[in-house]
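Chains as they are written, first to last, in the working numbering: chain A, -14 to 126; chain B, 1422 to 2055. Built from N, CA and C at the ideal position, the CB exists for glycine as well. Below is one structure, written out as C-alpha cells, with a few remarks after it.
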C-alpha cells in the first residue's frame, strides 16, 4: 500500500531560493513532496494564490523570505509576515489549521536550516492529514 | 496553441543516476503543451546549445542546475526570448534520496513551469534610456571636491553645488589633520583651487537644491542661488570694499571668534575668491559701492533659480556638530573657558583669532587643558547613539598640538573607550601622546564647575579605579559628535532618498551598495551618511566618482523590471502606496503611478491591488496560479 504523502508548495523569494539551493549543494536531504516556486520577493505572493494552492490540492503552503533586519527600514517581507498572519486567522475560521500556512526566514546561506525546518513541517503536515480543501468546501452547505 | 520545448540537462552524468530521464520524458509527452523534449548533457556548454539550433520565438524550459549559475550563460548562448528555469539539481536531485521520488518531483516542477511558460511574455526591460553625461555634486567639502575633480578629470561636466560662499567644508576650518599633524588647508587648498580652475567644474556657491525630477541618467534639478549682492563675474577679489565697510560681523568660518566686515570673503584660500555681503549686518551705507571700480555690487540682488539637467547626483553635504548647549552639565556658552573642539581648531590655528596662541577669553594662556570625549555621541541623550569616529584621534591630535606650542602644558583626556583604529593612529597619535605625558582618564565627567579664579573644575569618576575626583584646569575642550545637518531631512525628501534612524542618509545596502541610495543614480559620499574622517570622506568621494563614471561609460541605463500601473484598471484607491517599501508609488491625478527610478521590482504592490491593475513582468496572479495547478495536477 502506498502511504499518503502530503503535497507542499513553497514560495521561495530570490534571496531565500539561494538558501534552498544551498541545501542541495551541501548535501542536505528533505522530502521530495516539497515543490518550490521561485518568486522575486515573498511580498509578490498574493494571499489568494496561497488559498489557490490549498484549493488545488496542496496540504500546506510555505513562504520562505528574508528576515527583516533590524534598523533596515526596507523589508517587503514584513508585508508578507502581516499578510500570512492575517490569512492564517482567516483560514482558521473555515476550519483550516493555522499550521498549513507558514512563513520561514531563510537567508541565502541557510540551506541546513531550510532542510531541517521543511522536514519538520512535512512531518507535522503528515500528522494533520490530507486537507482536501475543495472536497470540504463542496461538503459545506 | 503555444507549445514549449523542454531541455532536460543531465549535467554530464551527474543527474543520470538520480533522475530517470526516460520516465520524465515519457510523462511529459503526455502534456499537450509540450512540443518536444531534448535530453542534453550540459546546457552550460556552447556546443551543446548551438547544436540545438533554438529559434528566437521558441518558449524554452531549461531543467538544469540553479538559475543563478545557468541564467546568464544560457541567455548568452541562445536568443530565445522566453526561458523558464527549473532547478532539478540543487532543489531536486541532490536533496532526494530516492530516484523515483526525484523523478516524480522533476515531473511536477516541470509541469508547473510548462503551464507558466505558455502564458509568459518576453520580459520588457526598459533599456536604451538616454543618459545625460553631466553630474551634480551637492556639497563642496573634501568628499564633494574630491568627487567633482575625479568626475571632471574623466572628461565629464560637473556642477558643484555649495551652500556657503566658498567650497572647503569642515576640513578648511581645521588647523592640522591627524595622525601626521599636517596643515589641513595646505592639503585641501590646492584641491580647492584645482576645482576652481578645472574647466569641467562649474562651482555654484551660495546655492541649494530645491527640487528634483526625472530618473537615473536624466534628472532635472532645480537649484536656488541665494543673492550675495556682489556680481561674481565682476568681482576680482581685491578687497577694497571690505576695507571701507564700517560694520563688523562674526565670521562663520572662524566659528564666530574672529570678526569680519559685513562685506567679506570667508577665508584667504576661498574658492571662488569673491566677496559677498551678509545682508543681516549690512547697513546699506553704500561705501563699498563707491570704492568698487568694477561696479560689482548690487544691493538689490535677488535669488535666482537654475534648472540643470544631469545624469547622476552625488550627495556630499556633510554633517553638523552636536550642540553642546544640550548638555547643561558642561555649561558651554555659560563658562567662558569651556570651548568646542572646532573653536579650539580656530584658536590654535596661526590664522585664527589669537594668531595660534592658546589663550583663554580673559587673555591668560591655557596651561592645563582637559578634553572631554563623546559629547553628543554614544549616548541615549540628545546626541547620536553611535560613535562619532573622528573624535578620539582629533583630541589626541589637539593634545599633541598643545604640547607642540607649549612644552610645559599639561593635558588630560577624559575618554570612554579610546579608539585608535586608523592607519598610523596607534603609533603617531596614541603612543606619542603617552610618551609626551598626556594623561588619559577613563571617565565621562558628570559636571564642570567654575572656581572663583575663572578656572574650571571637572568632576568625574575614574571608571578604572572607581574613585571619584575633581580636576582643576584652565580650559575644557568638548569633543563634539556628529549629527545630521539641519536641512538633511528636507534635502533627502527632495531627492527621494531615505534616512536612517539617526537621521543620516541611508545607503541602498550598507555592504553591497555602500555609496548608492535607494534612488538609482543618486550616490552618497562623506559624513552625510554617518560619521567618518577626512580620509574616508575623500576615499568615498573618489569611489562615488567611479560609480558616476561607470554609469556614464555604460552607454545606456538598464532598469530592472519594474511594476507598471494599468491606467484603465486603476481606481486610485491607493492601497498599494503604504505597502511599497521604496515609496515608489505616487498619486497622479486620480490614479497612481510607479516611479521607475525607485521601484525595485519586489511586487508587494501587485499583490495588494484589489483591481489587479498593477503588473510586473510575468508575476501576475494568473501565471502563478497556472504554475501551481500544473505542479499539483495528477
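Interface partners of residue i on chain A, CB under 7 Å
i, result
"residue 1809 (chain B)", "Within chain A, no residue comes near residue 1809 (chain B); the closest Cβ sits about 18 Å away, beyond 7 Å."
"residue 2024 (chain B)", "25, 26, 28 and 29"
"residue 1510 (chain B)", "9"
"residue 2028 (chain B)", "28, 29, 30 and 31"
"residue 2003 (chain B)", "59"
Cα-Cα separation between residue i and residue j, rounded to whole angstroms
i, j, result
"residue 88 (chain A)", "residue 1807 (chain B)", "33 Å"
"residue 1503 (chain B)", "residue 1631 (chain B)", "44 Å"
"residue 1874 (chain B)", "residue 1857 (chain B)", "28 Å"
"residue 71 (chain A)", "residue 6 (chain A)", "29 Å"
"residue 1941 (chain B)", "residue 1488 (chain B)", "25 Å"
"residue 1687 (chain B)", "residue 1573 (chain B)", "26 Å"
"residue 1650 (chain B)", "residue 1720 (chain B)", "5 Å"
"residue -14 (chain A)", "residue 45 (chain A)", "No answer about residue -14 (chain A) holds up, because its pLDDT of 47 lies below 50 and its placement is not dependable."
"residue 1966 (chain B)", "residue 0 (chain A)", "29 Å"
"residue 1996 (chain B)", "residue 2039 (chain B)", "21 Å"
"residue 1614 (chain B)", "residue 1708 (chain B)", "30 Å"
"residue 1696 (chain B)", "residue 1984 (chain B)", "51 Å"
"residue 1977 (chain B)", "residue 1633 (chain B)", "21 Å"
"residue 2048 (chain B)", "residue 1521 (chain B)", "22 Å"
"residue 2031 (chain B)", "residue 1913 (chain B)", "32 Å"
"residue 116 (chain A)", "residue 24 (chain A)", "25 Å"
"residue 2013 (chain B)", "residue 1637 (chain B)", "21 Å"
"residue 1450 (chain B)", "residue -11 (chain A)", "26 Å"
"residue 37 (chain A)", "residue 1937 (chain B)", "39 Å"
"residue 1464 (chain B)", "residue 1452 (chain B)", "23 Å"
"residue -2 (chain A)", "residue 1693 (chain B)", "52 Å"
"residue 1513 (chain B)", "residue 79 (chain A)", "34 Å"
"residue 1612 (chain B)", "residue 1666 (chain B)", "31 Å"
Residue from the options with nearest C-alpha to residue i
i, options, result
"residue 1479 (chain B)", "B:1947, B:2014 and B:1424", "B:1424"
"residue 1900 (chain B)", "B:1531, B:1638 and B:1836", "B:1836"
"residue 2035 (chain B)", "B:2020, B:1451, B:1534 and B:1540", "B:2020"
"residue -5 (chain A)", "A:118, A:100, A:121 and A:123", "A:100"
"residue 1643 (chain B)", "B:1455, B:1637, B:1628 and B:1860", "B:1628"
"residue 1712 (chain B)", "B:1721, B:1679, B:1671 and B:1664", "B:1664"
"residue 1810 (chain B)", "B:1767, B:1838, B:1496 and B:1724", "B:1838"
"residue 1536 (chain B)", "B:1481, B:2011, B:1509 and B:1576", "B:1481"
"residue 1905 (chain B)", "B:1847, B:1798, B:2010 and B:1983", "B:1798"
"residue 1457 (chain B)", "B:1877, B:1928 and B:1428", "B:1428"
"residue 1468 (chain B)", "B:1934, B:1541, B:1499 and B:1565", "B:1499"
"residue 1466 (chain B)", "B:1528, B:1447 and B:1492", "B:1492"
"residue 1448 (chain B)", "B:1525, B:1845, B:1460 and B:1430", "B:1525"
"residue 1717 (chain B)", "B:1623, B:1888, B:1698 and B:1568", "B:1698"
"residue 1917 (chain B)", "B:1928, B:2054 and B:1962", "B:1928"
"residue 1999 (chain B)", "A:33, A:59, A:39 and A:92", "A:59"
"residue 1888 (chain B)", "B:1862, B:1897, B:1896 and B:1877", "B:1862"
Chain-ordered neighbours of residue i on chain B, where CB pairs are closer than 8 Å
i, result
"residue 92 (chain A)", "Neighbours of residue 92 (chain A) on chain B: none; closest Cβ ~14 Å, over 8 Å."
"residue 38 (chain A)", "2049 and 2053"
Contact list for residue i against chain A, beta-carbon separation under 9 Å
i, result
"residue 1939 (chain B)", "59"
Contact list for residue i against chain A, beta-carbon separation under 8 Å
i, result
"residue 1403 (chain B)", "Since the first residue shown for chain B is 1422 and the last is 2055, residue 1403 (chain B) is missing from the structure and cannot be characterised."
"residue 1530 (chain B)", "20 and 21"
"residue 2040 (chain B)", "24, 25 and 29"
"residue 1462 (chain B)", "Here the premise fails: no neighbours, minimum Cβ distance about 20 Å."
Residues that residue i contacts on chain B, provided the C-beta gap is smaller than 7 Å
i, result
"residue 104 (chain A)", "The contacting residues do not exist; residue 104 (chain A) stays about 10 Å from chain B at best."
"residue 136 (chain A)", "For chain A, the structure presents residues -14 to 126; residue 136 (chain A) sits outside this window and is missing."
"residue 88 (chain A)", "Near residue 88 (chain A) there are no residues of chain B at all, since even the closest Cβ is about 14 Å away, more than 7 Å."
"residue 3 (chain A)", "1489"
Contact list for residue i against chain B, beta-carbon separation under 9 Å
i, result
"residue 160 (chain A)", "Outside the displayed range of chain A (-14 to 126) lies residue 160 (chain A), so it cannot be described from this structure."
"residue 41 (chain A)", "2046, 2049, 2050, 2052, 2053 and 2054"
"residue 45 (chain A)", "Chain B residues near residue 45 (chain A): none, gap ~12 Å exceeds 9 Å."
"residue 100 (chain A)", "1516"
Near the ligand HEM: residue i beta-carbon under 8 Å from a heavy atom
i, result
"residue 1881 (chain B)", "Inclusion of the ligand HEM in the displayed structure is not the case, the ligand content being empty and no account of it being possible."
- Item | Cβ contact (3+ pairs, closer than 8 Å) linking the region 1578 to 1588 of chain B and the region 1555 to 1569 of chain B | Per the Cβ contact rule, the region 1578 to 1588 of chain B is in contact with the region 1555 to 1569 of chain B (3 or more Cβ pairs under 8 Å).
- Count the CB pairs spanning the region 1761 to 1770 of chain B and the region 1585 to 1598 of chain B that are closer than 8 Å, and state whether there are at least three. Taking a cut-off of 8 Å on C-beta distances, the region 1761 to 1770 of chain B touches the region 1585 to 1598 of chain B, as three or more cross pairs fall below it.
- Does the pairing of the region 1724 to 1739 of chain B with the region 1771 to 1780 of chain B give three or more beta-carbon distances under 8 Å? Using a Cβ-Cβ distance cut-off of 8 Å, the region 1724 to 1739 of chain B and the region 1771 to 1780 of chain B are not in contact, since fewer than three pairs of beta carbons, one from each stretch, lie closer than that value.
- Listed from N- to C-terminal order along the chain, which residues in the region 1599 to 1629 of chain B have their beta-carbon within a distance smaller than 9 Å of any beta-carbon of chain A? Only those residues of the region 1599 to 1629 of chain B whose C-beta falls short of 9 Å from the nearest C-beta of chain A would be listed, and there are none.
- Residues of the region 1982 to 2001 of chain B with Cβ closer than 9 Å to any Cβ of chain A, in chain order: Cβ proximity to chain A below 9 Å picks out 1982, 2000 and 2001 from the region 1982 to 2001 of chain B.
- Task: Indicate whether the contact test is met: 3 or more Cβ pairs, each with one atom in the region 7 to 19 of chain A and one in the region 97 to 116 of chain A, closer than 8 Å.
- Result: In this structure the region 7 to 19 of chain A touches the region 97 to 116 of chain A; the number of beta carbon pairs closer than 8 Å is three or more.
- Message: Would the region 1650 to 1660 of chain B count as touching the region 1669 to 1680 of chain B if we require 3 or more Cβ pairs under 8 Å?
- Response: The region 1650 to 1660 of chain B vs the region 1669 to 1680 of chain B: no contact.
- Message: Under 8 Å: do the region 1997 to 2010 of chain B and the region 2022 to 2031 of chain B share three or more Cβ pairs, one atom per stretch?
- Response: Verdict: yes, contact present.
- Is there contact between the region 57 to 68 of chain A and the region 1427 to 1443 of chain B, where contact requires at least three CB pairs shorter than 8 Å? Verdict: no, contact absent.
- Quick one: which residues of the region 1814 to 1847 of chain B get their C-beta closer than 8 Å to a C-beta of chain A? List them in chain order. Listed by position, the residues of the region 1814 to 1847 of chain B near chain A (Cβ gap below 8 Å) amount to none.
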